[in-house]
Amino acid sequence: MDIIPPVQRRVSAASAPSIHHDRQRVWKNWAKTVQCTPEYTFFARTADDLSQIVHFARETGRHLRAVATGHSWSAIVATDEILVDITALNRVALDLNDPAAPRVTMECGATVEEVNHVLEAAGYALPCNVVLESVRFGGLIATGSHGSGWNNHTLSDLVHAIEIIDASGTLRRFETGIDSEEVMNAARLHLGMFGLIYRMTLNVQPTWNVHAKDQRIPVQAALEHLPEWVQQNDNLDLFWWPLSSKFWVKSWTRTDAPVTARPRYSKVERARSHIEMLAYQQILELQRNVPRSTPLLSPVTFAFSPSKRDQVLPIVEAIHYRRGIEITRMGCIEVAFKVDPDFANVREAIAMCFDITNRYAAKREYPMNVTLNVRFIHNSTAWLSPAYGEGHTCYIEVLSRAKDAEWQRYSGELGREWLSLRGGMIHWAKEYAQVPGIVAHIKQNMGANIDRFNRIKAELGVDPDHRFVNKTLKPIFT
Ligand SMILES: Cc1cc2nc3c(=O)[nH]c(=O)nc-3n(C[C@H](O)[C@H](O)[C@H](O)COP(=O)(O)OP(=O)(O)OC[C@H]3O[C@@H](n4cnc5c(N)ncnc54)[C@H](O)[C@@H]3O)c2cc1C
Numbered sequence: 136m137d138i139i140p141p142v143q144r145r146v147s148a149a150s151a152p153s154i155h156h157d158r159q160r161v162w163k164n165w166a167k168t169v170q171c172t173p174e175y176t177f178f179a180r181t182a183d184d185l186s187q188i189v190h191f192a193r194e195t196g197r198h199l200r201a202v203a204t205g206h207s208w209s210a211i212v213a214t215d216e217i218l219v220d221i222t223a224l225n226r227v228a229l230d231l232n233d234p235a236a237p238r239v240t241m242e243c244g245a246t247v248e249e250v251n252h253v254l255e256a257a258g259y260a261l262p263c264n265v266v267l268e269s270v271r272f273g274g275l276i277a278t279g280s281h282g283s284g285w286n287n288h289t290l291s292d293l294v295h296a297i298e299i300i301d302a303s304g305t306l307r308r309f310e311t312g313i314d315s316e317e318v319m320n321a322a323r324l325h326l327g328m329f330g331l332i333y334r335m336t337l338n339v340q341p342t343w344n345v346h347a348k349d350q351r352i353p354v355q356a357a358l359e360h361l362p363e364w365v366q367q368n369d370n371l372d373l374f375w376w377p378l379s380s381k382f383w384v385k386s387w388t389r390t391d392a393p394v395t396a397r398p399r400y401s402k403v404e405r406a407r408s409h410i411e412m413l414a415y416q417q418i419l420e421l422q423r424n425v426p427r428s429t430p431l432l433s434p435v436t437f438a439f440s441p442s443k444r445d446q447v448l449p450i451v452e453a454i455h456y457r458r459g460i461e462i463t464r465m466g467c468i469e470v471a472f473k474v475d476p477d478f479a480n481v482r483e484a485i486a487m488c489f490d491i492t493n494r495y496a497a498k499r500e501y502p503m504n505v506t507l508n509v510r511f512i513h514n515s516t517a518w519l520s521p522a523y524g525e526g527h528t529c530y531i532e533v534l535s536r537a538k539d540a541e542w543q544r545y546s547g548e549l550g551r552e553w554l555s556l557r558g559g560m561i562h563w564a565k566e567y568a569q570v571p572g573i574v575a576h577i578k579q580n581m582g583a584n585i586d587r588f589n590r591i592k593a594e595l596g597v598d599p600d601h602r603f604v605n606k607t608l609k610p611i612f613t
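Going by my numbering, the sequence shown opens with residue 136, and the numbers climb by one from there.
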């Protein structure tokens, strides 16, 4: 766990603004991989609160970071100075003034679920999203989070406009068509380094239905057909449970057929998946404490997965197909790379995971006990996105509930191998500190875009003193 100790600092005596706050409150992320004790934790409710907090930080020479739901594994939230909880800023409004360009505006603390409610009620949807509905848009956009779909981009790429309180406490608006794409591509994914995001406006679409299939398919057959299946479907994900001979292949394509299920609105389905996740949690606990039970229990947890279904769903239901996944804390490492035309490097990345997992299993060690997930998107135009650049992108990740030391060793090894693939880049919100030489790797692989981002940021004067940069980002960006 990265623990940022509280520091004794000499600062000016400006008094804290009268916004609800705590002193020396311990903060931990969801995964409990990061902990810090900021001197001040402010609970902002308005844009003016955000501005006052930034003024206070400037007057007292402190640094600051925002926190949303804290679901990031890496230490990108952590600060020992000022933490700004933005979860009360959660208003959402749909803008249908221009029928050709429907948009939704959300404050930074709005959850995916809150935004989906507004969109669904009016018959609209975001074309892509993360699986979870509990996370907040400030965190999703700041980190360039992604969903799935061969022709989709990342959530940050949907940003039409973004409003940020910069280091002078001023509300700045960056908008497509008014600001250059050069600037927009820095503003729409800035890891919190432009300032405190107040609001974002994202492009949305009228909703549509998809034919969604979940199948268990032998590994060899799936790998053989992967390029055609990925390109024929709107969306195709692979999941592999350790030592299994099959993949769970999740796919969907647009259809005019009527909806056959709405699992998110079914009380029975919600209760069932909650109970399943609680049972799943117990099994994973057993695997964590008795790793040698993994070969026996992994087929059971695979059986628990919703990997055999054939339904017609509204797109929002297809995207958020798993409920209650936050119940069980686990580790996660994820890497993105550009897909070779024949998918050779995708097969290689999958083989790397199989090989390492099997090598450990031969020693009767099982640091990987949840799943390997492979997703495909198009790309991103944001300078700091791991999906930046021409060509389609594969995101490959492993989730596991192993003991910390074993997980760190295994995931460090796997991360190093994945990052050896041409153009391999980490997901900013996932775990990567355990990968040897990671800062040098990021600087080498993303150096030109980091320089570009830094230049745009300097020209805009949003944070000349790096007040929004924390200890994790400093070695990479300053
Ligand atoms: C179970 C699980 C499943 C996940 N699935 C996916 C997935 O499918 N795809 C994917 O890409 N990611 C996924 N993630 C990662 C997740 O999307 C990111 O960690 C995201 O940032 C989480 O949002 P949050 O609200 O928890 O943000 P936090 O972790 O609280 O914050 C993330 C970053 O955003 C910054 N930030 C937040 N709000 C603001 C603001 N108002 N102004 C400036 N900076 C701000 C924070 O300082 C921090 O640097 C998953 C995570 C979990 C735990």
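Quick reminder that beta carbons are idealized off the backbone N, C-alpha and C, glycines included.
None of these values were measured; they are calculated from a predicted model.
According to DSSP, what are the bridge partners of Leu229?
Sequence index remark: in the sequence shown, residue 229 carries index 94 (1-based). Val239.
Looking at the secondary structure, which residues open and close the alpha helix (DSSP H) in which Thr429 lies?
Counting from 1 along the sequence shown, the entry for residue 429 is found at position 294. Per DSSP, Thr429 belongs to the alpha helix (DSSP H) from 429-439.
Where DSSP assigns a beta bridge to His470, which residues make up the other side?
Numbered from its first residue, the sequence shown carries residue 470 at position 335. Reading off the sequence shown, one finds Val at residue 470, where the question assumed His. Its beta-bridge partners are Ile531, Ile561.
Would you kindly work out how many angstroms separate the C-alpha atoms of Arg180 and Glu242, rounded to a whole number?
By one-based count along the sequence shown, residue 180 stands at place 45. By one-based count along the sequence shown, residue 242 stands at place 107. Answer to the nearest angstrom: the Cα atoms are 10 angstroms apart.
Grouping DSSP H, G and I as helix and E and B as strand, with all else coil, what is Ile297?
Numbered from its first residue, the sequence shown carries residue 297 at position 162. Note: Ile297 maps to strand in three-state DSSP.
Give every residue of the same chain whose Cβ lies closer than 6 angstroms to the Cβ of Trp375, excluding the five residues on either side of it in the sequence, and list them in chain order.
The count along the sequence shown starts at 1 and reaches residue 375 at position 240. The answer, listed in chain order, is Phe382, Leu507.
Is DSSP giving Pro449 helix, strand or coil here?
Within the sequence shown, residue 449 is the residue found at index 314, counting from 1. Note: Pro449 maps to strand in three-state DSSP.
Less than 7 angstroms separating the Cβ of Ala201 from some heavy atom of ligand 1?
Mapped onto the sequence shown, residue 201 falls at position 66. At least one heavy atom of ligand 1 is nearer than 7 angstroms to the Cβ of Ala201, so yes.
Are Gln350 and Lys498 touching if we call contact CB-CB under 8 angstroms?
Taking the sequence shown and counting its residues from 1, the one referred to as residue 350 is at position 215. Taking the sequence shown and counting its residues from 1, the one referred to as residue 498 is at position 363. No. Outside cutoff.
Cβ of Pro152 within 8 angstroms of Cβ of Phe191?
Against the sequence shown, residue 152 aligns to sequence position 17. Against the sequence shown, residue 191 aligns to sequence position 56. Yes. Within cutoff.
Mark Asp215 as exposed unless 16 or more other C-beta atoms lie within 10 angstroms of its C-beta, in which case mark it buried.
Counting from one through the sequence shown, the residue named residue 215 turns up at place 80. Looking at its Cβ environment, which holds 16 or more other Cβ atoms inside 10 Å, Asp215 is buried.
Pick out whichever of Arg407, Ile454, Asn286, Leu358 has its Cα sitting closest to the Cα of Lys348.
Residue 348 sits at position 213 when you count from the first residue of the sequence shown. Here the closest residue by C-alpha is Ile454.
Measuring straight from C-alpha to C-alpha, what distance separates Asp253 and Ile512?
Here residue 253 corresponds to residue number 118 of the sequence shown, with the count starting at 1. Here residue 512 corresponds to residue number 377 of the sequence shown, with the count starting at 1. Reading the sequence as shown, one finds Val at residue 253 and not Asp. So the two alpha carbons sit approximately 26 angstroms from each other.
Counting C-beta neighbours from all protein chains within 10 Å, is the total for Asn164 16 or more, i.e. buried, or is it exposed?
Here residue 164 refers to the residue found at position 29 when the sequence shown is read from its first residue. Asn164 should be labelled buried.
Less than 8 angstroms between the beta carbons of Asp292 and Pro362, yes or no?
Here residue 292 refers to the residue found at position 157 when the sequence shown is read from its first residue. Here residue 362 refers to the residue found at position 227 when the sequence shown is read from its first residue. In this structure, Pro362 does not lie closer than 8 angstroms to Asp292 by Cβ.
Which residues share a DSSP beta bridge with Ile352?
Looking up residue 352 in the sequence shown gives position 217. Paired residues: Phe382.
How do the region 305-317 and the region 203-222 stand: do at least 3 beta-carbon pairs fall below 8 angstroms, yes or no?
Touching, no.
Assuming the contact rule is C-beta atoms closer than 8 angstroms, Asn589 and Phe603 should be a hit. Round their C-beta distance to whole Å, please.
The residue you call residue 589 lines up with position 454 of the sequence shown. The residue you call residue 603 lines up with position 468 of the sequence shown. Contact flag wrong, Cβ pair sits at about 13 angstroms.
Just curious, the alpha helix (DSSP H) that Leu275 is in, first and last residue?
Walking along the sequence shown from the start, residue 275 turns up at place 140. First-last of the alpha helix (DSSP H) with Leu275: 272-278.
Would you kindly check if the distance between the Cβ of Val574 and the Cβ of Arg536 is under 8 angstroms?
Mapped onto the sequence shown, residue 536 falls at position 401. Mapped onto the sequence shown, residue 574 falls at position 439. Not in contact: Arg536 and Val574 (Cβ atoms no closer than 8 angstroms).
For Tyr567, which of helix, strand or coil comes out of DSSP?
For the purposes of this step, residue 567 is identified with residue 432 of the sequence shown, where counting begins at 1. Three-state result, Tyr567: coil.
Any heavy atom of ligand 1 closer than 7 angstroms to the beta-carbon of Leu326?
Locating residue 326 in the sequence shown gives position 191, counting from the first residue. Because some heavy atom of ligand 1 lies under 7 angstroms away, the Cβ of Leu326 counts as near it: yes.
Give me whichever residues DSSP pairs with Trp133 in a beta bridge.
As shown, the chain starts at 136 and ends at 613. That puts residue 133 outside it, with no answer to give.
For the beta strand (DSSP E) that Leu331 lies in, which residues bound it at each end?
Translated into positions along the sequence shown, residue 331 becomes position 196. Run containing Leu331: 331-338, per the beta strand (DSSP E) assignment.
DSSP on Leu507, reduced to helix/strand/coil?
Along the sequence shown, one-based indexing puts residue 507 at 372. Leu507 falls in the strand class under three-state DSSP.
Could you give the C-beta distance for Leu549 and Ile491, rounded to a whole number, given that I count them as a contact under 8 angstroms?
The residue given as residue 549 occupies position 414 in the sequence shown. The residue given as residue 491 occupies position 356 in the sequence shown. Yes, they are in contact, since the Cβ atoms of Leu549 and Ile491 sit about 5 angstroms apart, within 8 angstroms.
Could you tell me the alpha carbon to alpha carbon distance between Arg544 and Thr168, rounded to whole angstroms?
Numbered from 1 along the sequence shown, position 409 holds the residue referred to as residue 544. Numbered from 1 along the sequence shown, position 33 holds the residue referred to as residue 168. So the two alpha carbons sit approximately 15 angstroms from each other.
Rounded to a whole number of angstroms, what is the C-alpha to C-alpha distance between Arg160 and Trp364?
Indexing the sequence shown from 1 puts residue 160 at position 25. Indexing the sequence shown from 1 puts residue 364 at position 229. Computed Cα separation, rounded: 50 angstroms.
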